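Engineer: Chains as they are written, first to last, in the numbering used here: chain A, 1 to 479; chain B, 480 to 823.
The beta-carbon is built from N, C-alpha and C at its ideal position, and this holds for glycine as well.
Quick caveat: nothing in here was measured; it's all calculated off a predicted structure.
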Amino acid sequence: MHGFLNDRIRIELKNIVGEKNIYESGFDKDAYSVDVWSVSRNWVDSGLIKELPNFVVLPENTEQVSKILKLANIYSIPITPRGAGAGGLGGGIPFFGGIVLDIKKLDKIMSLSAKSLNIRVQVGIMQIDLEKYLNSKGYTLNHLPASIYCSTLGGFLSTRGSGVLSSKYGKIEDMVLSLEVVLPTGEIINTLPVPRHSAGPGIENVFLGAEGTLGIITGATLQIYYLPEERYFSSFLFDNLHFALEASREVMVNGLEPSVLRVYDEGDTRDVVKKELGINIESGSYVVISFDGFKDIALAQKRRAEEIFNGYRARDLGAKFGEKWWENRYDPYYPPHTLESKKDLYGVIDTVATHDNIENLYLSMKSELESKFSEWGIIYTAHFSHWYKWGASVYPRFIVKKPPENSHDFMELNNAIWDCAVEVILKNNGVLSEHHGIGFQLSPYMRAQYRDGYKVLESLKKGLDPKNIMNPTIFGFDL
Amino acid sequence: MANYVCPVARYTKLETNTPRGLAFIYSLVAGNLKKIDKVAVERTYQCNLCRACEAISRDDSSIPELILAARRDIVEMNMAPESVMKLKDDICKNSRLLDKDWLESAVSSAKSLPDTVVVINYESESSKKIFLLIKKLLDRGNTGCIEINIGKHPAPAAMLDELGYKQLSGTVLNNLTFLIQNLKFKKMVFITPYDLELLLKTSTVDAGLSKLVHSFEFCEGFINSEKKTPAKKNEKIIYIDSGGNRKSGKFYEIPRKLLADSAGLNIQEMVWNGKESACCGGLTLQYLYPGIFNGVISLIYGELKEYGSKKIITPCPHCIDNLKTNEDLRNNYEIVDLWEMIFQ
Ligand SMILES: Cc1cc2nc3c(=O)[nH]c(=O)nc-3n(C[C@H](O)[C@H](O)[C@H](O)COP(=O)(O)OP(=O)(O)OC[C@H]3O[C@@H](n4cnc5c(N)ncnc54)[C@H](O)[C@@H]3O)c2cc1C
Numbered sequence: 001m002h003g004f005l006n007d008r009i010r011i012e013l014k015n016i017v018g019e020k021n022i023y024e025s026g027f028d029k030d031a032y033s034v035d036v037w038s039v040s041r042n043w044v045d046s047g048l049i050k051e052l053p054n055f056v057v058l059p060e061n062t063e064q065v066s067k068i069l070k071l072a073n074i075y076s077i078p079i080t081p082r083g084a085g086a087g088g089l090g091g092g093i094p095f096f097g098g099i100v101l102d103i104k105k106l107d108k109i110m111s112l113s114a115k116s117l118n119i120r121v122q123v124g125i126m127q128i129d130l131e132k133y134l135n136s137k138g139y140t141l142n143h144l145p146a147s148i149y150c151s152t153l154g155g156f157l158s159t160r161g162s163g164v165l166s167s168k169y170g171k172i173e174d175m176v177l178s179l180e181v182v183l184p185t186g187e188i189i190n191t192l193p194v195p196r197h198s199a200g201p202g203i204e205n206v207f208l209g210a211e212g213t214l215g216i217i218t219g220a221t222l223q224i225y226y227l228p229e230e231r232y233f234s235s236f237l238f239d240n241l242h243f244a245l246e247a248s249r250e251v252m253v254n255g256l257e258p259s260v261l262r263v264y265d266e267g268d269t270r271d272v273v274k275k276e277l278g279i280n281i282e283s284g285s286y287v288v289i290s291f292d293g294f295k296d297i298a299l300a301q302k303r304r305a306e307e308i309f310n311g312y313r314a315r316d317l318g319a320k321f322g323e324k325w326w327e328n329r330y331d332p333y334y335p336p337h338t339l340e341s342k343k344d345l346y347g348v349i350d351t352v353a354t355h356d357n358i359e360n361l362y363l364s365m366k367s368e369l370e371s372k373f374s375e376w377g378i379i380y381t382a383h384f385s386h387w388y389k390w391g392a393s394v395y396p397r398f399i400v401k402k403p404p405e406n407s408h409d410f411m412e413l414n415n416a417i418w419d420c421a422v423e424v425i426l427k428n429n430g431v432l433s434e435h436h437g438i439g440f441q442l443s444p445y446m447r448a449q450y451r452d453g454y455k456v457l458e459s460l461k462k463g464l465d466p467k468n469i470m471n472p473t474i475f476g477f478d479l
Numbered sequence: 480m481a482n483y484v485c486p487v488a489r490y491t492k493l494e495t496n497t498p499r500g501l502a503f504i505y506s507l508v509a510g511n512l513k514k515i516d517k518v519a520v521e522r523t524y525q526c527n528l529c530r531a532c533e534a535i536s537r538d539d540s541s542i543p544e545l546i547l548a549a550r551r552d553i554v555e556m557n558m559a560p561e562s563v564m565k566l567k568d569d570i571c572k573n574s575r576l577l578d579k580d581w582l583e584s585a586v587s588s589a590k591s592l593p594d595t596v597v598v599i600n601y602e603s604e605s606s607k608k609i610f611l612l613i614k615k616l617l618d619r620g621n622t623g624c625i626e627i628n629i630g631k632h633p634a635p636a637a638m639l640d641e642l643g644y645k646q647l648s649g650t651v652l653n654n655l656t657f658l659i660q661n662l663k664f665k666k667m668v669f670i671t672p673y674d675l676e677l678l679l680k681t682s683t684v685d686a687g688l689s690k691l692v693h694s695f696e697f698c699e700g701f702i703n704s705e706k707k708t709p710a711k712k713n714e715k716i717i718y719i720d721s722g723g724n725r726k727s728g729k730f731y732e733i734p735r736k737l738l739a740d741s742a743g744l745n746i747q748e749m750v751w752n753g754k755e756s757a758c759c760g761g762l763t764l765q766y767l768y769p770g771i772f773n774g775v776i777s778l779i780y781g782e783l784k785e786y787g788s789k790k791i792i793t794p795c796p797h798c799i800d801n802l803k804t805n806e807d808l809r810n811n812y813e814i815v816d817l818w819e820m821i822f823q
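Here is the structure:
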């Protein structure tokens, strides 16, 4: 950005949000040039990208967001909405410079209806703040992602995030009654007050998962729940992954409602479960399942699930490990910070498919990645943690412990791994990304993913964001 | 990634105030990609060193230790902000533990008291009250109790250490050790835990360390031996944790245990309590960045409003003083000292 324009924008931004809410110094801009995407960090550590945004701005209310977008339209300045930067796919990185619009100061709780059990909030609120607030009043959102301490509600709404209780309570989009959104051209709109109706298709789904490309979500009314009377946990060891998946499928298609249902593949069972729970398991597939709510109903469901599991000769490991998993569920995600960034190349290729496809998808991806990238010693493990009546999601992680030192080669290897995985996913009727969104990393695949339907997205983008200023790298729109 | 357990980041919302953001800054500096500048210094001193991030991380590697190391470097490079130097000077001027003459006279005047309990106190009404309580209780058993008032600041060694003045902090600790070695006493009770913790962590001499206790431990022992049951009350009281030492846990457990033993009390735990409690940074942050200090207290105030009670209880006199700096809190809440209530 030309110095003159830069200066002009600063003055105008100052008039909108005040000087105290604008950051322009090197370190502050650097911190907003990365998110949790390992490639972005690798590039910063190699000195290849720095200080990407021109301005980091923290508006304090929706009107200020609106004014900033109007300003950005006048000067065609790219806008990157930012929650807490915990996205793992580069979605919050301002590759084209411009303004990072950090929405975390929009964090007010507007109202709570004890009668309809809903809450109206500004979505810059940290998920942990929202959950603790609800807990203090005897409620919960039942959206408990591992990143609860480091992500905003807006981030989850914009990536269609999911938490550990999703198999019963759904993903974040299932909790939404309505949204307040600032359109790319600055108008503030509200979606219909409730999501189930026949007044046309409704519009909240346009913004859920759009990662800021079609507007900035500023407010939401969400379904809340009473804290459960009881949570029951059980844990099982199956002889192999196939039995574990089949048994879990039966639980779901028979209409049982486990809040937690996590199936670990043999690799995760051996490594992660051993490390986290201290159980010495050398083979088989570990499963943790939980039922919550009224005691008698949860207990009855638990017994039914156990019967199904017994039919697959599952070894009952008791409640203890399940309870331990619950108590320590966030721990693996909050390792100590170290000075050194991790040199590993890693990624999570979370994918969702029907029961017909999910196992094969997982197996094909595993064999393809392990054979094609064997020279890099790729490690591939997975768990299946979000279940539906019609299918399940798989959460595969790959790690290359000794990736190329050169950042360009690092990126190339990263892309080759993703290309290979995506090919398998699409071949097996999977949908790429179950709850982590698209970000920069997955944008090039969206045309292939949506096929002809991509036109619909493109038209929406053209209509809503004519100057293509909103998160322009995401979805691979060609405007 | 436990970014928003950090009370400072919860208030400012800025990513470079988070543990991850700070680690990021230092990694750029360590990798020679950037030099420490004014902003890096500012972010480094805006951390309140409450150690919540460390407490919920899974091993001993710690961002607060990185911050302390960075502050020492900053001091060495003469880049410390003016407010830091001013506070350092104020601590030096107003802490008796750095005054040789005072030390000598303290030792000579209190030398021959083997059965006495010595309370290490500082200039604050709330801590004075605790001292008087302890004294009253000990008087009943004919045990002597004297107070050694170390001056304006509750924990000069910890504060200087926090600011990056390790050597000066070491001098305070040496002088404290001198005091301990040259006094005769039954127990030495520290009203706030910070200097005691630092001493226990760094001391290489056996200066009767086993006789040193934090007031929580001392009061707990006293209550246990007296087997007192506090008066019954049924009103709802909100319990606020002190920032304290998060890893040891005892500063969280002792007051809770006492409250649990106090039949009839209707105690409301705050949801941000225990290891995750919001610490306002009353040791140094209140002088360096009063805006952030007030901001964190306003977070606490915001949470308090949700509980529908106008009475709060905390075991830490320093927290009481700090909470009272907030006008809303001072005007709308009765702040009760846990020890005062229990002993009464
Ligand atoms: C340790 C760890 C564990 C994780 N576990 C989970 C998990 O269990 N479940 C899960 O779903 N995810 C998980 N994630 C991923 C991450 O938490 C989510 O992607 C979350 O959405 C990020 O939120 P954020 O506030 O940090 O958003 P950011 O990373 O800042 O942004 C994410 C995307 O949304 C856009 N955006 C943000 N806010 C808005 C807004 N208000 N309006 C429009 N666009 C916006 C950004 O531009 C970006 O494209 C995990 C991540 C980490 C690091």
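When you check each C-beta in the segment 480-495 of chain B against every C-beta of chain A, which residues fall closer than 8 Å?
Structural biologist: Answer set for the segment 480-495 of chain B: 480, 481, 482, 483, 484, 489, 492, 493, 494 and 495.
Engineer: What does the alpha-carbon distance come out to for the pair residue 54 of chain A and residue 181 of chain A?
Structural biologist: Position 54 of the first sequence, counting from 1, holds the residue named residue 54 of chain A. Position 181 of the first sequence, counting from 1, holds the residue named residue 181 of chain A. For residue 54 of chain A and residue 181 of chain A, the distance between alpha carbons rounds to 24 Å.
Engineer: In whole angstroms, what separates the C-alpha of residue 111 of chain A from that of residue 185 of chain A?
Structural biologist: Against the first sequence, residue 111 of chain A aligns to sequence position 111. Against the first sequence, residue 185 of chain A aligns to sequence position 185. One C-alpha to the other measures close to 28 Å.
Engineer: Could you tell me the distance, in whole angstroms, from the CA atom of residue 663 of chain B to the CA atom of residue 592 of chain B?
Structural biologist: Taking the second sequence and counting its residues from 1, the one referred to as residue 663 of chain B is at position 184. Taking the second sequence and counting its residues from 1, the one referred to as residue 592 of chain B is at position 113. Between residue 663 of chain B and residue 592 of chain B, the C-alpha separation is close to 5 Å.
Engineer: Which residues does DSSP pair with residue 526 of chain B in a beta bridge?
Structural biologist: The count along the second sequence starts at 1 and reaches residue 526 of chain B at position 47. None, per the DSSP bridge assignment.
Engineer: Can you pull the chain B residues whose beta carbon is under 7 Å from the beta carbon of residue 128 of chain A, in chain order?
Structural biologist: Within the first sequence, numbered from 1, the residue matching residue 128 of chain A stands at position 128. Correct list: 483.
Engineer: Just checking residue 156 of chain A against ligand 1 - is the residue's beta carbon closer than 7 Å to any of the ligand's heavy atoms?
Structural biologist: By 1-based counting over the first sequence, the position of residue 156 of chain A is 156. Yes, the Cβ of residue 156 of chain A comes within 7 Å of a heavy atom of ligand 1.
Engineer: What do you reckon, is the C-beta of residue 120 of chain A under 7 Å from a heavy atom of ligand 1?
Structural biologist: To locate residue 120 of chain A, count along the first sequence from 1; it is residue 120. Not so, every heavy atom of ligand 1 lies at least 7 Å from the Cβ.
Engineer: Where residue 494 of chain B and residue 519 of chain B are concerned, what is the direct C-alpha to C-alpha distance, given to the nearest angstrom?
Structural biologist: Your numbering for residue 494 of chain B matches position 15 in the second sequence. Your numbering for residue 519 of chain B matches position 40 in the second sequence. Cα to Cα, residue 494 of chain B sits roughly 12 Å from residue 519 of chain B.
Engineer: Determine the DSSP secondary structure at residue 276 of chain A, reduced to helix, strand or coil.
Structural biologist: The residue given as residue 276 of chain A occupies position 276 in the first sequence. Residue 276 of chain A: helix per DSSP, three-state reduction.
Engineer: Report yes if the C-beta distance between residue 56 of chain A and residue 23 of chain A is below 8 Å; otherwise report no.
Structural biologist: The residue you call residue 56 of chain A lines up with position 56 of the first sequence. The residue you call residue 23 of chain A lines up with position 23 of the first sequence. Closer than 8 Å, so yes.
Engineer: Does any CB atom of chain B fall closer than 8 Å to the CB of residue 407 of chain A?
Structural biologist: As a working note, residue 407 of chain A is residue 407 in the first sequence. No, because no Cβ of chain B sits closer than 8 Å to the Cβ of residue 407 of chain A.
Engineer: Do you know offhand how far residue 496 of chain B's Cα is from residue 31 of chain A's?
Structural biologist: Counting from one through the second sequence, the residue named residue 496 of chain B turns up at place 17. Counting from one through the first sequence, the residue named residue 31 of chain A turns up at place 31. Using only the alpha carbons, I get a separation of about 10 Å.
Engineer: Just to confirm, are residue 737 of chain B and residue 702 of chain B a CB contact at a threshold of 8 Å?
Structural biologist: On the second sequence, residue 737 of chain B is found 258 positions in, with the first residue counted as 1. On the second sequence, residue 702 of chain B is found 223 positions in, with the first residue counted as 1. For residue 737 of chain B and residue 702 of chain B, yes; Cβs fall inside 8 Å.
Engineer: Mind checking which residues open and close the alpha helix (DSSP H) that includes residue 769 of chain B?
Structural biologist: Start at 1 with the first residue of the second sequence, and residue 769 of chain B comes out as number 290. Segment 769-783, the alpha helix (DSSP H) holding residue 769 of chain B.
Engineer: Please confirm whether any heavy atom of ligand 1 lies closer than 7 Å to the CB of residue 161 of chain A.
Structural biologist: For the purposes of this step, residue 161 of chain A is taken as residue 161 along the first sequence, with counting starting at 1. Answer for residue 161 of chain A: yes, Cβ within range of ligand 1.
Engineer: Roughly how far, in whole angstroms, is the beta-carbon of residue 216 of chain A from the beta-carbon of residue 101 of chain A, given that I think they are within contact range, below 8 Å?
Structural biologist: Counting from 1 along the first sequence, the entry for residue 216 of chain A is found at position 216. Counting from 1 along the first sequence, the entry for residue 101 of chain A is found at position 101. Correct: roughly 7 Å between the Cβ atoms.
Engineer: Within the same chain, show all residues whose beta-carbon is closer than 6 Å to that of residue 191 of chain A, passing over the 5 residues directly before and after it, in chain order.
Structural biologist: As a first step, residue 191 of chain A must be located in the first sequence, where it is residue number 191. Correct list, in chain order: 178, 179, 203 and 204.
Engineer: From which residue to which residue does the alpha helix (DSSP H) around residue 86 of chain A run?
Structural biologist: Position 86 of the first sequence holds residue 86 of chain A. Where residue 86 of chain A is concerned, there is no enclosing alpha helix (DSSP H), given that its DSSP letter is neither H nor E.
Engineer: Any beta carbon from chain A within less than 8 Å of residue 504 of chain B's own beta carbon?
Structural biologist: Along the second sequence, read from residue 1 onward, the residue named residue 504 of chain B stands at position 25. Yes, because at least one Cβ of chain A sits closer than 8 Å to the Cβ of residue 504 of chain B.
Engineer: What does DSSP give as the partner residue(s) for residue 632 of chain B in the beta ladder?
Structural biologist: Here residue 632 of chain B is taken as the residue at index 153 of the second sequence, counted from 1. Its beta-bridge partners do not exist; DSSP assigns none.
Engineer: Label residue 201 of chain A either buried or exposed according to how many other C-beta atoms from any shown protein chain fall within 10 Å of its C-beta, with 16 as the threshold for buried.
Structural biologist: The count along the first sequence starts at 1 and reaches residue 201 of chain A at position 201. It is exposed - the Cβ of residue 201 of chain A has fewer than 16 other Cβ atoms within 10 Å.
Engineer: Under 8 Å between beta-carbons, which chain A residues line up against residue 775 of chain B? List them in chain order, please.
Structural biologist: In the second sequence, counting from the first residue as 1, residue 775 of chain B sits at position 296. In chain order: nothing, as chain A lies at least about 14 Å away.
Engineer: Can residue 235 of chain A be considered in contact with ligand 1, in the sense that its beta carbon sits closer than 7 Å to one or more heavy atoms?
Structural biologist: Numbered from its first residue, the first sequence carries residue 235 of chain A at position 235. No, Cβ of residue 235 of chain A sits at least 7 Å from all heavy atoms of ligand 1.
Engineer: Going along chain A, which residues have a C-beta under 9 Å from residue 516 of chain B?
Structural biologist: Reading the second sequence from its first residue, position 37 is the one you call residue 516 of chain B. Neighbours of residue 516 of chain B on chain A, chain order: 25, 26 and 27.
Engineer: Compile a chain-ordered list of the residues in the segment 780-799 of chain B whose CB is closer than 9 Å to at least one CB of chain A.
Structural biologist: Answer in chain order: 782, 785 and 786.
Engineer: Please work out which residues of its chain come closer than 8 Å, Cβ to Cβ, to residue 803 of chain B, disregarding the five sequence neighbours upstream and downstream, and give them in chain order.
Structural biologist: If you number the second sequence from 1, residue 803 of chain B lands on position 324. Closer than 8 Å at the Cβ level, and outside the excluded window around residue 803 of chain B, lie 809 and 814.
Engineer: As a quick exercise: from A/468, A/437, A/475 and A/459, pick the residue whose alpha carbon is nearest that of residue 209 of chain A.
Structural biologist: Within the first sequence, residue 209 of chain A is the residue found at index 209, counting from 1. Selected option, being the one with the closest Cα: A/437.
Engineer: List the residues of chain E that residue 751 of chain B touches, going by C-beta distances under 8 Å, in chain order.
Structural biologist: Going by chain labels, chain E is absent from the structure shown, which instead holds the protein chains A and B.
Engineer: Rank A/398, A/390 and A/369 by C-alpha distance to the C-alpha of residue 383 of chain A and give the top, closest one.
Structural biologist: Numbered from 1 along the first sequence, position 383 holds the residue referred to as residue 383 of chain A. The shortest Cα separation from residue 383 of chain A among A/398, A/390 and A/369 belongs to A/398.
Engineer: Taking only beta-carbon positions, decide if residue 135 of chain A is within less than 8 Å of chain B.
Structural biologist: On the first sequence, residue 135 of chain A is found 135 positions in, with the first residue counted as 1. Chain B contact via Cβ: present.
Engineer: Against residue 757 of chain B, what residues of chain A qualify as contacts under a CB-to-CB distance less than 8 Å, listed in chain order?
Structural biologist: Stepping through the second sequence from its first residue, residue 757 of chain B is reached at position 278. Correct list: empty, because the minimum Cβ distance to chain A is about 11 Å.
Engineer: Check the Cβ of residue 754 of chain B against every Cβ in chain A and list those closer than 9 Å, keeping chain order.
Structural biologist: Here residue 754 of chain B refers to the residue found at position 275 when the second sequence is read from its first residue. Those within 9 Å of residue 754 of chain B in chain A number zero; the least Cβ separation is about 12 Å.
Engineer: Do you know how far the Cα of residue 574 of chain B is from the Cα of residue 603 of chain B?
Structural biologist: Here residue 603 of chain B is taken as the residue at index 124 of the second sequence, counted from 1. Here residue 574 of chain B is taken as the residue at index 95 of the second sequence, counted from 1. Whole-angstrom Cα-Cα distance: 13 Å.
Engineer: If you draw a straight line from the C-alpha of residue 641 of chain B to the C-alpha of residue 655 of chain B, how long is it?
Structural biologist: Taking the first residue of the second sequence as position 1, residue 641 of chain B is located at position 162. Taking the first residue of the second sequence as position 1, residue 655 of chain B is located at position 176. Answer to the nearest angstrom: the Cα atoms are 18 Å apart.
Engineer: DSSP has residue 180 of chain A in a bridge; who is on the other side?
Structural biologist: Working through the first sequence from its first residue, we reach residue 180 of chain A at position 180. In DSSP, residue 180 of chain A forms a bridge with A/190 and A/219.
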